[in-house]
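Listed in order, the protein sequences are those of chains B and L. Residue numbers for the first sequence, in the working numbering: 1051 to 1273. Residue numbers for the second sequence, in the working numbering: 1051 to 1273. Every residue, glycine too, gets a C-beta built ideally from N, C-alpha and C.
Number of protein chains: 2
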Amino acid sequence: MDSADIKLLKEGYLLAALSHQEFEEVLTHAGVFTLMQNECLFDQGDPATHFFFVLSGTVKLCRIAPSGEEKVMDLVRPGHYFAEAVMFMGGRYPVYARVLEPTRLVELDNKHFLGLLRSNADLCMRLMSTMSQRIHGLVNEIDNLTLQSGAQRVIGYLLQQLPEGTAPPSVRLTVPKHVIASRLGIQPETLSRVLAKLRGKHLIDVHDDQIVFNDVDALRCLS
Amino acid sequence: MDSADIKLLKEGYLLAALSHQEFEEVLTHAGVFTLMQNECLFDQGDPATHFFFVLSGTVKLCRIAPSGEEKVMDLVRPGHYFAEAVMFMGGRYPVYARVLEPTRLVELDNKHFLGLLRSNADLCMRLMSTMSQRIHGLVNEIDNLTLQSGAQRVIGYLLQQLPEGTAPPSVRLTVPKHVIASRLGIQPETLSRVLAKLRGKHLIDVHDDQIVFNDVDALRCLS
DNA sequence: GGCGCGCATTGATTTAAGTCAACCGGGTCC
DNA sequence: GGACCCGGTTGACTTAAATCAATGCGCGCC
């Protein structure tokens, strides 16, 4: 773990609650490692012993239906945690985790971290805050899935990816399109058609994984 | 608040972490009141100042789409909390709350409770545990919405309502059917048709809000 | 180069669920 | 009693999205 990594981890919202000494202690209980493209971190149902922080790369969290098809529940990017809530459900990961590209991760030991939580109210507050945000995100997700059309979800997703103040406004899709489709709860074909339609209306231009927005406001009011 | 109420509240998982003295103090900051059928507790977007515990009755938590249609996010029954995660999102309720029948509630003051959390690690642990369960529930919900058919969701819901070891196995729908439909993300007509179909296959019998299961195992393997 | 493979796109078709409309039975109110 | 409303059911029809199938394209590999 180089100094940039440590900086990223330390500045992540959660651990900012720790004193220098506590942070050092966390490091002694933390593992750092790299997974290669498509490697699996844990399977749905595996005993949950750690939670994770992404240093670089992308992690895909999925559910699999009995029928075999999979639904991407979340895509985790550098600077974010995942599976930290599982720590309290005592048991098993409710999703499986796989990386989409070479990905470097920090793993934090649940047992040790629970001990730390007992002695640090600030840390508790921060963890509760992140969990609460996650809940809010999931509620929004359900809202989207039940009250919005596929096209609206696509537009919402694109706008969400849009960084602040770029001109011309554009996004780069960093994950394969079929993964985005699953993330949005639609089929790849449907995603393709939605993008084609938006292109037809000259609201966006698509060049491979690069999407240029011609009229952000118009898109906003469609979502 | 009579002694049965106090017992229910005290035995609810969350507050069991409190000493007798702490519990008494919580009571001094807690309000108890009754809402009549269809009364609104808070609106989506209202500033969140309290969270709640249901003593009796049923609370409906909803989102409203721009189009005006609503999606029931959750139905909260006696012995359970709601809106406790909102406490950390600083701000506003992400759903609106309305009661389906005369309902008695305990309201707990966010500010005071946050203070209590700072001084009581056990309480933190319990709250994190309930939040984590909520997350798990929401993940399952998304799974259901994206990977299962409407019929499967109906069956799953019915089985979930089924109490342990009743013979003959049956459930009583305590909320109007159109509310259940919205809860499941389908239209009332669809719910009606699914039930009719199950009835046609002699898997269940329906008499108004009473549903008798003729073959629980067959239903289980359909869900 | 030629071959195969995976991903994306496009078209044709199917299907699950939504929409629209009619009807029924139970409750309430005049 | 009759008029009304509300919730649920059922039927006819529409529609959004899934499915199936064909094609194209980039890429690695022998």
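Closer than 6 Å by C-beta to L:E1134: which residues in its own chain qualify, once you throw out the five before and the five after it? Chain order, please. The count along the second sequence starts at 1 and reaches residue 1134 of chain L at position 84. Excluding sequence neighbours, L:E1134 sits near F1101.
Given a cut-off of 8 Å, decide if B:R1127 and B:T1099 are closer than it, judged by their beta-carbon atoms. Looking up residue 1099 of chain B in the first sequence gives position 49. Looking up residue 1127 of chain B in the first sequence gives position 77. The answer is no: Cβ separation not under 8 Å.
Can you pull the chain B neighbours of L:K1227, defined as C-beta to C-beta under 9 Å? Against the second sequence, residue 1227 of chain L aligns to sequence position 177. For L:K1227, there are no neighbours in chain B by C-beta distance under 9 Å, as the nearest C-beta there is about 17 Å away.
With distances taken Cα to Cα, identify the nearest neighbour of B:V1104 among B:D1258, B:V1082, B:H1130. Counted from its first residue, the first sequence places residue 1104 of chain B at position 54. Comparing C-alpha distances from B:V1104 to each of B:D1258, B:V1082, B:H1130 shows the shortest one belongs to B:H1130.
Output, in chain order, the set of chain L residues within a Cβ distance shorter than 7 Å of B:F1163. Numbered from its first residue, the first sequence carries residue 1163 of chain B at position 113. Result: empty, since nearest Cβ-Cβ is about 11 Å, beyond 7 Å.
Cross-chain neighbours of B:P1144 in chain L, by beta carbon under 8 Å: The count along the first sequence starts at 1 and reaches residue 1144 of chain B at position 94. Those are H1186, V1189, N1190, listed as they occur along chain L.
For B:E1119, which residues in chain L fall below 8 Å Cβ to Cβ? As a first step, residue 1119 of chain B must be located in the first sequence, where it is residue number 69. Those within 8 Å of B:E1119 in chain L are L1197.
My guess is that L:A1147 and L:L1111 are in contact by the Cβ rule of under 8 Å, so how many angstroms apart are they, rounded? Taking the first residue of the second sequence as position 1, residue 1147 of chain L is located at position 97. Taking the first residue of the second sequence as position 1, residue 1111 of chain L is located at position 61. The Cβ separation is near 6 Å, so the contact holds.
For L:N1190, count the other beta carbons within 10 Å of its own beta carbon; 16 or more makes it buried, fewer makes it exposed. Which is it? Locating residue 1190 of chain L in the second sequence gives position 140, where the first residue counts as 1. Exposed, by the Cβ-count rule.
Could you say which of B:F1132, B:G1141, B:S1179, B:P1213 lies nearest to L:M1139 if we only look at CA atoms? In the second sequence, residue 1139 of chain L corresponds to position 89, counting from 1. Ranking the options by Cα distance to L:M1139, first place goes to B:S1179.
With DSSP collapsed to three states, give me the class of L:R1270. As a first step, residue 1270 of chain L is located in the second sequence; it is residue number 220 there, counting from the start. DSSP places L:R1270 in the helix class (H, G or I) of the three-state scheme.
Could you name the residues of chain B that L:S1069 contacts, counting a contact when the two beta carbons are closer than 7 Å? Translated into the one-based positions of the second sequence, residue 1069 of chain L becomes position 19. Those within 7 Å of L:S1069 in chain B number zero; the least Cβ separation is about 17 Å.
Using beta carbons (cut-off 8 Å, strictly below), is L:A1115 in contact with chain B? Reading the second sequence from its first residue, position 65 is the one you call residue 1115 of chain L. So, interface residue.
Of all Cβ atoms in chain B, is any one closer than 8 Å to the Cβ of L:D1193? Mapped onto the second sequence, residue 1193 of chain L falls at position 143. Yes, contact with chain B.
Please report whether the beta-carbon of L:A1171 lies at a distance below 8 Å from any beta-carbon of chain B. Stepping through the second sequence from its first residue, residue 1171 of chain L is reached at position 121. Closer than 8 Å to the CB of L:A1171 there is at least one CB belonging to chain B.
When the Cα atoms are used, what is the spatial distance from B:G1235 to L:M1051? Against the first sequence, residue 1235 of chain B aligns to sequence position 185. Against the second sequence, residue 1051 of chain L aligns to sequence position 1. Each residue's alpha carbon lies about 46 Å from the other.
Tell me whether B:S1053 sits in a helix, a strand or coil according to DSSP, three-state version. Taking the first sequence and counting its residues from 1, one reaches residue 1053 of chain B at position 3. Here B:S1053 sits in helix by DSSP.
Residue-chain proximity (B:Q1201, chain L), Cβ-Cβ < 8 Å: To locate residue 1201 of chain B, count along the first sequence from 1; it is residue 151. Contrary to the premise, residue 1201 of chain B reads as Ala rather than Gln in this sequence. Output row for B:A1201: interface = no.
On the DSSP letters alone, give me the boundaries of the alpha helix (DSSP H) that B:E1120 sits inside. For this step, residue 1120 of chain B is matched to residue 70 along the first sequence. Not the alpha helix (DSSP H): B:E1120 falls in the beta strand (DSSP E), residues 1120–1126.
Does B:F1138 have its Cβ less than 8 Å from a Cβ in chain L? Residue 1138 of chain B sits at position 88 when you count from the first residue of the first sequence. For B:F1138, at least one C-beta of chain L is nearer than 8 Å to its own C-beta.
Residues of its chain near B:I1114, where Cβ-Cβ distance is below 6 Å and the 5 sequence neighbours each way are ignored: Locating residue 1114 of chain B in the first sequence gives position 64, where the first residue counts as 1. For B:I1114, where only same-chain residues beyond five positions count, the Cβ hits under 6 Å are E1120.
Taking C-alpha atoms, which residue in L:L1125, L:V1145, L:Q1094, L:M1086 lies nearest to L:H1228? Position 178 of the second sequence holds residue 1228 of chain L. Checking every option, the nearest Cα to that of L:H1228 belongs to L:L1125.
Go through its chain and collect everything with a Cβ distance to B:A1066's Cβ below 8 Å, but skip five positions before and after it. The residue you call residue 1066 of chain B lines up with position 16 of the first sequence. Hits under 8 Å: K1060, R1176.
Distance cut-off 7 Å: B:D1255 Cβ against heavy atoms of the ligand FAD: As presented, the structure is devoid of all ligands, the ligand FAD included, so that no description of it is given.
Cutting at 6 Å between CB atoms, please list the residues of its own chain near B:L1245, excluding the five before and the five after it. The sequence position of residue 1245 of chain B within the first sequence is 195, counting from 1. Closer than 6 Å at Cβ, skipping near neighbours: V1256.
Chain B residues whose Cβ lies nearer than 7 Å to that of L:Q1183: Looking up residue 1183 of chain L in the second sequence gives position 133. In chain order: M1139.
Which of the three DSSP states is assigned to B:D1093 in this structure? Along the first sequence, read from residue 1 onward, the residue named residue 1093 of chain B stands at position 43. The answer is coil: DSSP assigns B:D1093 none of H, G, I, E or B.
CB of B:D1096 within 8 Å of CB of B:Y1143, strictly: As a position in the first sequence, residue 1096 of chain B is number 46, starting the count at 1. As a position in the first sequence, residue 1143 of chain B is number 93, starting the count at 1. Yes. Within cutoff.
Check each candidate in L:A1217, L:S1199, L:L1223 and name the one with the smallest Cα separation from L:Q1210. For this step, residue 1210 of chain L is matched to residue 160 along the second sequence. Among L:A1217, L:S1199, L:L1223, the Cα nearest to that of L:Q1210 is on L:L1223.
Could you name each continuous beta strand (DSSP E) segment of 3 residues or more that falls completely within the region 1139–1169 of chain B, going from the start of the chain to the end? Counting only runs of 3 or more, we get 1146–1149, 1153–1159.
B:L1269 and B:I1205 - do their beta-carbons sit closer together than 8 Å? As a first step, residue 1205 of chain B is located in the first sequence; it is residue number 155 there, counting from the start. As a first step, residue 1269 of chain B is located in the first sequence; it is residue number 219 there, counting from the start. Yes. Within cutoff.
Establish whether the CB of B:C1112 and some CB of chain L are separated by less than 8 Å. Residue mapping note: residue 1112 of chain B aligns to position 62 of the first sequence, counting from 1. Interface residue (Cβ-Cβ distance to chain L less than 8 Å): B:C1112 is not classified as such.
Suppose you measure from the CA of B:S1117 to the CA of B:H1079; what does that come to, to the nearest Å? Position 67 of the first sequence, counted from the first residue, corresponds to residue 1117 of chain B. Position 29 of the first sequence, counted from the first residue, corresponds to residue 1079 of chain B. For B:S1117 and B:H1079, the distance between alpha carbons rounds to 39 Å.
Identify whether L:D1004 lies in helix, strand or coil by the three-state DSSP scheme. This structure does not reach residue 1004 of chain L, given that chain L is present from 1051 up to 1273, and the question cannot be answered.
On the criterion of 16 or more Cβ atoms from any shown chain inside 10 Å, does B:T1196 qualify as buried, or is it exposed? Walking along the first sequence from the start, residue 1196 of chain B turns up at place 146. B:T1196 is buried by the Cβ-count criterion.
B:T1153 classed as buried or exposed, judged by whether at least 16 other C-beta atoms fall within 10 angstroms: Here the question's residue 1153 of chain B lines up with position 103 in the first sequence. Here B:T1153 is buried, its C-beta having at least 16 other C-beta atoms within 10 Å.
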